[in-house]
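In the numbering used here, the protein residues as written are 556 to 767.
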């Protein structure tokens, strides 16, 4: 049995790697948890694609402002100095290379850093990629936060993606519930394994050779 950490623990692990002064976008889903674990005392500016800089963590119960939401329509807070702007300006920031880090979820990440995170191709799936493609290509570093395996036990880190791509060669690091992996020209490299997970066990789960 391999060791897994919780999503909250994983969000805290991602947050610990975000440098001071970074402008960061947190994708829909699990990545939004990262906002709750950013180190105190560091200036990290959160961007949301629906038009806000200076987003704070989720509000306390009973203190929700219905006008303050992120791109996933979840309630958020605004920090001192926060700014609001047009949706088009937000996308100009994304496409213009002004985001230092973007944290996204994923269905698959390839050994070459390709990202598939918007559709599995199943009937009823969302019809278009949306702003994820702008984030994936526009950010200087793209971190993926996801489970290592699907509910059916299939690996999400693969030699080549079989789902529709969001971006090509864009992922720099993958944070999973089993460990952290960098994407290199030679494929995935183990950066950190959690608990008693071993290099050999993770290679066996993925069916891939992992750099050390």
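Even glycine gets a Cβ: it sits at the ideal position worked out from N, Cα and C.
For residue 643, the secondary structure class from DSSP, reduced to helix, strand or coil, is helix.
When only Cα atoms are considered, residue 764 and residue 658 end up about 25 Å apart. Counting only runs of 4 or more residues that sit fully inside the stretch 561-603, the alpha helix (DSSP H) segments are 562-570, in chain order. Where residue 609 is concerned, the enclosing beta strand (DSSP E) starts and stops at 607-611.
In the three-state reduction of the DSSP assignment, residue 665 falls in the strand class. Scanning the stretch 683-721 from its first residue to its last, the whole beta strand (DSSP E) runs of 3-plus residues come out as 696-700.
When C-beta atoms of the stretch 673-693 are compared with those of the stretch 706-722, three or more pairs fall below 8 Å, so the two segments count as touching. With respect to the 7 Å criterion, residue 751 and residue 558 are classified as neighbours on the basis of their beta carbons. Note that the C-beta distance between residue 749 and residue 560 is below 7 Å. Closest by C-alpha distance to residue 625, out of 650, 582, 655, is 582. Note that the stretch 611-623 does not touch the stretch 559-578; fewer than 3 beta-carbon pairs, one per stretch, sit closer than 8 Å.
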